[in-house]
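**Q** The sequence shown begins at 27 in my numbering and counts up by one.
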Amino acid sequence: MFLNTLSPKFYVALTGTSSLISGLILIFEWWYFKKYGKSFIEQISWTHIYPLIGGSDEDNECDSVESNGHLASTQECKVWRNPYSLFRGAEYRKFFHETGRDPLTYYDMNLSAQDHQTFFTCEADGGKPEYEIMQLSWRERNHEERIKKTKEALAKNPECATAMILLAEEECSYIVDVEKVYKQAYKVAETNLRRSQQLQNHSPAHESMYRRDIHAFVFIRRRLAMCARKLGKLKEAIKMMKDLIKEYPNLNLFNIHENLIECYLAAQQYADAQAFLAKYDGRFFENKIVIIYFNYLVATQ
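1) Using the Cα positions of Ile47 and Phe59, report the straight-line distance between them to the nearest angstrom.
2) Between Lys305, Arg119, Asp134, Ala150, which lies nearest to Leu225 when the distance is taken from Cα to Cα?
3) Could you compute how far the alpha carbon of Leu291 sits from the alpha carbon of Ala211?
4) DSSP state of Asn218, grouped into three classes?
5) Apart from the five residues on each side of it in sequence, which residues of its chain come closer than 6 Å, Cβ to Cβ, to His232?
6) On the DSSP letters alone, give me the boundaries of the alpha helix (DSSP H) that Gln336 sits inside.
7) Compare the Cα-Cα distances from Tyr200 to each of Leu257, Glu171, Pro275 and report the closest residue.
8) So, under 8 Å CB-CB, Glu195 and Gly115 are touching, yes? Tell me the CB distance rounded to an integer number of Å.
9) In this structure, does DSSP put Ser48 in helix, strand or coil?
10) Buried or exposed for Val244, please, with buried defined as at least 16 other CB atoms from any protein chain shown within 10 angstroms of its CB.
11) Would the segment 173-184 and the segment 257-277 be scored as touching if the rule is three or more Cβ pairs under 8 Å?
12) When you compare the segment 234-243 with the segment 212-221, are there three or more beta-carbon pairs, one atom per stretch, that lie closer than 8 Å?
13) Buried or exposed: Gly254, going by 16 or more other Cβ atoms within 10 Å of its Cβ?
14) So for Asn183, helix, strand or coil by DSSP?
15) By Cβ distance, which residues of its chain are closer than 6 Å to Glu55, with the 5 residues on each side in sequence left out?
16) Exposed or buried, which one is Lys175 when buried takes at least 16 other CB atoms within 10 Å?
17) Do you know whose CA, among Gly49, Met160, Arg165, Ile159, lies nearest Leu137's CA?
18) Taking the C-alpha atoms as reference points, what is the distance between Asp239 and Ile191?
19) Leaving out five residues before and five after Gln295 in sequence, what residues of the same chain have Cβ atoms less than 6 Å from its Cβ?
20) Using 10 angstroms around the beta-carbon of Glu285, count the other beta-carbons present and answer buried if the total reaches 16, otherwise exposed.
21) Which residues mark the beginning and the end of the alpha helix (DSSP H) in which Thr144 is found?
22) Is it true that the CB of Tyr208 sits closer than 8 Å to the CB of Leu250?
23) In chain order, what are the residue ranges of uninterrupted alpha helix (DSSP H) at least 4 long that sit wholly in the segment 234-292?
24) Along the alpha helix (DSSP H) that carries Ser163, what are the first and last residues, could you check?
25) Pick helix, strand or coil for Tyr208, following the three-state DSSP scheme.
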């Protein structure tokens, strides 16, 4: 009955008003993205709406950290997932010491902390002091405290591969030192993986432990390949990454495929890069911009 009483002018006014509001939102969104390098709507969704509809405790904790005053000093940093994941100690910290500016925003830290907790922790870690300490280390914001906690975990268990990963990533100031620590971690991770592989079918807890160990093992091998890449040993890096993809064809948790393409381009092996892209296009590369970008690079060469 009410709808029948509405005149055509009302619908015209309603359409015009909604178009005006949509236009203003679009202009503001464009301005915000140009200034801060990220979407305002996406930011609001992550920080306010997502926790209300069932976000995890880690997300809520991260949001509270983001909402403090420190975010203002890093607003100018563009936030994105870097598929090459520079080493924090040898590269990010070096930039910080030379420029006095932190290249990582709290949002970057949140993303990596969530990934670390997903890949390097499991249900079977409960009651093990070294892994419980590492769960705190992954979430710790302060660089020095993170390293301190990690050393405590390593003191309790010298074979804690995930602790060695964090020290290699954050304590070492040079890529050569990073590679040295990762080679030690590789031996430990390989032993842990063999042990958990034999027990994986005993219980769900053992299965989760096996997944954690295989994630650590693959991550260490990938980072060793990246060390070789950064030290100029391109052939060695390419071989290591190709072996990883061959052994674990369905595992692309750590951007191994993108890293291999980058190595091909650095070695000027453009035909290999193009063949690799043609083989895996649509299977592992979720972001089509990556495909377009790499294809363009190959074509221009």
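Where is the CB? At the ideal position from N, CA and C, for every residue including glycine.
**A** Concretely, from the data shown:
1) It is roughly 18 Å from the alpha-carbon of Ile47 to the alpha-carbon of Phe59.
2) With distances taken between Cα atoms, Leu225 lies closest to Ala150.
3) For Leu291 and Ala211, the distance between alpha carbons rounds to 29 Å.
4) Three-state DSSP puts Asn218 in a helix.
5) Only Leu225, Gln226 meet the Cβ criterion.
6) Because the chain in this structure spans residues 27 to 327, residue 336 falls outside the shown range and cannot be described.
7) For Tyr200, the nearest C-alpha among the options comes from Leu257.
8) The C-beta separation of Glu195 from Gly115 comes to about 6 Å, placing the pair in contact by the 8 Å criterion.
9) DSSP, read as helix, strand or coil, puts Ser48 in helix.
10) Buried.
11) Contact between the segment 173-184 and the segment 257-277 is absent, because fewer than three Cβ pairs lie under 8 Å.
12) By the Cβ criterion, the segment 234-243 is in contact with the segment 212-221, since at least three pairs of Cβ atoms, one from each stretch, lie closer than 8 Å.
13) Looking at the sequence itself, residue 254 is Ala, so the reference to Gly does not match. Residue environment for Ala254: buried (at least 16 other C-beta atoms within 10 angstroms of its C-beta).
14) Three-state result, Asn183: coil.
15) Within the same chain, Glu55 has close Cβ partners Phe66.
16) So Lys175 ends up on the buried side.
17) That would be Arg165, whose Cα lies nearest to the Cα of Leu137.
18) Those two C-alpha atoms are separated by around 12 Å.
19) If we look at Gln295 and ignore the five residues flanking it on each side, it has no Cβ neighbours.
20) As written in the sequence, residue 285 is Asn, which differs from the Glu given in the question. So Asn285 counts as buried.
21) That run of the alpha helix (DSSP H) goes 132-146.
22) Yes, these two residues count as a Cβ contact at 8 Å.
23) Considered as a whole, the segment 234-292 harbours 260-273, 282-292 as its complete alpha helix (DSSP H) runs of no fewer than 4 residues, in chain order.
24) Run containing Ser163: 155-165, per the alpha helix (DSSP H) assignment.
25) Look at Tyr208 here: in three-state DSSP terms it is helix.
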